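Visitor: The structure is given below, and queries will be raised subsequently.
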Amino acid sequence: PALHMETPLPRIIGASAVTGAGGSGVSSALRNDLGSNIHVLKTLNLRFRCFLAKVHDLERRNKVLETQLHNAQEESRYRSLLSREQAIQTDYELPFAGPLAETRVPGRIWSYSHGWRHGSRMELHHGPGVSWTHTDGVGVQIDTITPELRAIYNVLGKVKRERDEYRKRWEEELSKCQQMEAMVETLQQSVHESEALRRELSEKIDQLKAELVVYKSLMSDQMSDLDSKIQEKAMKVDMDICRRIDITAKLCDVAQQRNSEDMSKMFHVSPSRVSAACKKKERKAVSDEENAEVEADSEHSEKEVAGSLNITDEMKRMLSQL
Numbered sequence: 001p002a003l004h005m006e007t008p009l010p011r012i013i014g015a016s017a018v019t020g021a022g023g024s025g026v027s028s029a030l031r032n033d034l035g036s037n038i039h040v041l042k043t044l045n046l047r048f049r050c051f052l053a054k055v056h057d058l059e060r061r062n063k064v065l066e067t068q069l070h071n072a073q074e075e076s077r078y079r080s081l082l083s084r085e086q087a088i089q090t091d092y093e094l095p096f097a098g099p100l101a102e103t104r105v106p107g108r109i110w111s112y113s114h115g116w117r118h119g120s121r122m123e124l125h126h127g128p129g130v131s132w133t134h135t136d137g138v139g140v141q142i143d144t145i146t147p148e149l150r151a152i153y154n155v156l157g158k159v160k161r162e163r164d165e166y167r168k169r170w171e172e173e174l175s176k177c178q179q180m181e182a183m184v185e186t187l188q189q190s191v192h193e194s195e196a197l198r199r200e201l202s203e204k205i206d207q208l209k210a211e212l213v214v215y216k217s218l219m220s221d222q223m224s225d226l227d228s229k230i231q232e233k234a235m236k237v238d239m240d241i242c243r244r245i246d247i248t249a250k251l252c253d254v255a256q257q258r259n260s261e262d263m264s265k266m267f268h269v270s271p272s273r274v275s276a277a278c279k280k281k282e283r284k285a286v287s288d289e290e291n292a293e294v295e296a297d298s299e300h301s302e303k304e305v306a307g308s309l310n311i312t313d314e315m316k317r318m319l320s321q322l
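In case it helps, full-length UniProt numbering puts the sequence shown at residues 1 to 322.
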């Protein structure tokens, strides 16, 4: 019976099946394609083993047939020698010669050896393919098997090329993933460092806020002390002003003195009398000032006494100018 493939060859997934845009999608697609291609290779390997087993079986049967044919030829030859004389073929040549001879031999994979008997000696002929002397169609079967083998080898080569291409792409994707993982690690380290710096800055800000609160409380205490001191000083100044000599009274006295001087000039009063009157008035003013100073509290500080003396001196200077 003619040997043929039981099932058609599986379809090999091409490189165009990978449609992922990048990243994990592409890597998963490549893994799936590699897994499917590996499954296809395993299937082809199993079928190829079955095919080789069938070929070995055919070779075994071919050898059995060769031995049977050889025995039959020997028996027919002995019978012909016993019955009558018969010419013996001395050489075997193909009906055609040239470079096309080997290409027209049915088999191109397995070699054969065929023996020819020339009288009392035996010759063996070796050549490619299967001998033409077989009559059971084994050479034709082998010729039909050879294209299938070539197709299988072509498919295997294509699968290997696609496998190499997928492996190359997978390595590229793996390198990209490793680079991205390194970048993510560096970014995570920078994030951790920034978090640490942020915590340090927040701690410093809290510390500064606490210090500001303390300084504010201290400044408020100082301001309250200063306000109290200012109020005390203002009260003391008010009391001092109440105890001072009435400037308006002094000015009135000065005006009266001036009027009296004018009147003395008008009535031709002697300057000695005028000076005496002025001296009396000055003495009276001084006595009034002394009485006012005596009436003041003796508990004032030296600064307040100096201030009052300065004020009296200023009043005297103003009076002298007037």
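Think of the CB as a built atom: it goes at the ideal place given N, C-alpha and C, for glycine as much as any other residue. Here the structure is a predicted model, which means the values were calculated and not measured.
1. What is the C-beta distance between N37 and R163, in whole angstroms, given that I count them as a contact (C-beta under 8 Å)?
2. Do you know offhand how far K209's Cα is from E172's?
3. Whose C-alpha, out of L65, E211, L52, is nearest the C-alpha of E148?
4. State the CB to CB distance for the pair V159 and V40, rounded to an integer number of angstroms; the pair is presumed to be in contact (CB under 8 Å).
5. Considering only the alpha carbon of each residue, which of K63, W170, K176 lies closest to N32?
6. Could you check if Y215 is buried or exposed, using at least 16 other CB atoms within 10 Å of its CB as the buried criterion?
7. Determine the contact status of L44 and L174, defining contact as a CB-CB distance below 9 Å.
8. Whole angstroms is fine: what's the gap from M223's alpha carbon to I205's?
9. Just how far apart, CA to CA, sit A255 and K236?
10. Would you report the Cα separation of R61 and R47, rounded to the nearest angstrom?
11. Please report how far the alpha carbon of S202 lies from the alpha carbon of E193, in whole angstroms.
12. Quick check: the Cα distance between H56 and T146, rounded to an integer number of angstroms?
13. Let me confirm a value: Y166 is counted as buried when at least 16 other C-beta atoms fall within 10 Å, else exposed. Which label applies?
14. At the level of alpha carbons, what is the spacing between L212 and D227?
15. With the cut-off set at 9 Å, would you say S27 and C177 are in Cβ contact?
16. Please report the straight-line C-alpha distance between I88 and I152, rounded to a whole angstrom.
17. Using the Cα positions of L34 and K42, report the straight-line distance between them to the nearest angstrom.
18. Compute the Euclidean distance between the alpha carbons of Q207 and L197, then round it to the nearest angstrom.
19. Determine the direct distance from the alpha carbon of K168 to that of R150, and round the result to whole angstroms.
20. Give the straight-line distance between the Cα atoms of T186 and M180, rounded to the nearest whole angstrom.
Guide: The answer reads as follows:
1. Right, the Cβ-Cβ distance comes to about 6 Å (below 8 Å), so this counts as a contact.
2. In this structure, the CA atom of K209 is about 55 Å from the CA atom of E172.
3. Put simply, of L65, E211, L52 the residue whose alpha carbon is nearest the alpha carbon of E148 is L52.
4. Contact holds; Cβ gap of about 6 Å.
5. Each of K63, W170, K176 was checked against the Cα of N32, and the nearest Cα belongs to W170.
6. Classification of Y215: exposed, given that the 10 Å Cβ count is below 16.
7. No, they are not a contact pair.
8. For M223 and I205, the distance between alpha carbons rounds to 26 Å.
9. Between A255 and K236, the C-alpha separation is close to 31 Å.
10. If you draw a straight line from the Cα of R61 to the Cα of R47, it is about 21 Å long.
11. Using only the alpha carbons, I get a separation of about 14 Å.
12. Taking the straight line from one Cα to the other gives about 14 Å.
13. Buried, because 16 or more other Cβ atoms sit within 10 Å of the Cβ of Y166.
14. The C-alpha of L212 lies about 22 Å from the C-alpha of D227.
15. Result yes, Cβ atoms of S27 and C177 sit closer than 9 Å.
16. Its pLDDT being 42, under 50, I88 is placed unreliably by the model, and the measurement read from it follows with that caveat. Taken atom to atom, the span from the alpha-carbon of I88 to that of I152 is near 45 Å.
17. Near 12 Å, if we compare the C-alpha coordinates of K42 and L34.
18. If you take the alpha carbons of Q207 and L197, they lie about 15 Å apart.
19. Taking the straight line from one Cα to the other gives about 27 Å.
20. If you take the alpha carbons of T186 and M180, they lie about 10 Å apart.
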